[in-house]
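If you count by our numbering, then the sequence shown holds residues 1 to 238, one letter each, in order.
Notes follow the structure.
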Amino acid sequence: MNSDRACVVLPTYNERENLPSIVPAILAAAPQVDVLVVDDNSPDGTGALADALASKDPRVRVLHRARKEGLGRAYLAGFAEALSRGYGRILEMDADFSHDPARLPELLASGKDLALGSRYVEGGGTVNWGLGRRVLSKGGSLYARLILGIAVRDLTGGFKCFRRQVLESIDLPSVRSTGYAFQIELTYRALKRGFSVGEVPIVFADRRVGKSKMNRRIVAEALWMVWKIRFDGAANRR
């Protein structure tokens, strides 16, 4: 294991339009990182395109999964692969430019065991969001904070940097959440295990091309999963 090695886990499903731009942008913004594309057998050929990118740059690898099982499952598979390859820091981010690759160096330099890209601390924000989506996102984070009794302001964001010790201690096979609740659960487990968590301000932009994968089922899951997380033995284990 090398604590200085870092890997960005990049889940994809029908991201053919974004992948050729986002991967070079990540490598340019943070030359010290590698990229692991986790593709869930995208019908649009994203997986084959990822293989082509990997063939041209040794910093890019691809993990092919047989089918789409939700964002959380894709991340768990990517985390397991990155841990097995000895990376000291493992990051997650979206493939659609909602998360700005230029913020990667700040996440890597935060000094925290878990650094969160946060929309809801000073200097953070969102662009191109309607009122309904802003209310849903802020309200969801507030709802989770109150139920779980923690102070992190942006619990549903998916732009994060973990030290490997955090992921090793979280008991990843027991994580059952998928969408927004997945992000909440990982942060909650890290806090319950005594790791330091910090929020780095980011501006979240709506995806450039393609269709958002957020839907009512994902939102509904987050609402009830927060209660399950609160009373789940694995989540609360120190």
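C-beta atoms are modelled at their ideal positions from N, C-alpha and C, and glycine is treated no differently.
Owing to the predicted nature of the structure, the values given are computational and were not obtained by experimental measurement.
Residues bridged to residue i [DSSP beta-bridge criterion]
| i | result |
| --- | --- |
| Glu199 | Leu116 |
| Arg89 | Ala6, Arg163 |
| Gly125 | Val203 |
| Pro11 | Val38 |
Residue burial classification, residue i (beta-carbon count within 10 angstroms, cutoff 16)
| i | result |
| --- | --- |
| Ala115 | buried |
| Arg119 | buried |
| Leu107 | buried |
| Gln183 | buried |
| Asp34 | buried |
| Phe231 | exposed |
| Arg134 | exposed |
| Glu185 | buried |
| Arg237 | exposed |
| Lys112 | buried |
| Gly140 | buried |
| Leu131 | exposed |
| Leu142 | exposed |
| Gly47 | buried |
Neighbour flag for residue i against chain B, beta carbons, 9 Å
| i | result |
| --- | --- |
| Ser110 | No chain B appears in the structure shown, which is made up of a single protein chain. |
Cβ-based neighbour list, residue i, same chain, cut-off 7 Å, excluding 5 preceding and 5 following
| i | result |
| --- | --- |
| Asp4 | Gly88 |
| Asp94 | Gly158 |
Inter-residue CB distance, residue i and residue j (contact presumed, cutoff 8 Å)
| i | j | result |
| --- | --- | --- |
| Lys160 | Gly117 | 7 Å |
| Asp39 | Arg65 | 7 Å |
| Ile229 | Leu148 | 7 Å |
| Leu136 | Phe79 | That pair is no contact at about 27 Å. |
| Val8 | Leu91 | 5 Å |
Own chain partners of residue i with C-beta closer than 8 Å, once the 5 adjacent residues on each side are dropped
| i | result |
| --- | --- |
| Ser110 | Cys161, Gly198, Val200 |
| Asp51 | Val62 |
| Ile170 | Leu186, Arg189, Ala190, Arg193 |
| Leu71 | Pro11, Gly158, Thr178, Gly179, Phe182, Lys213 |
Same chain only: Cβ atoms within 6 Å of residue i, ignoring 5 sequence neighbours per side
| i | result |
| --- | --- |
| His99 | Met93, Phe159 |
Could you tell me which whole alpha helix (DSSP H) segments of length 4 or greater appear in the region 141 to 188?
164 to 169
Please list the segments of the alpha helix (DSSP H) lying wholly inside the region 18 to 103, counting only runs of 4 or more residues, in order along the chain.
19 to 29, 46 to 56, 71 to 84
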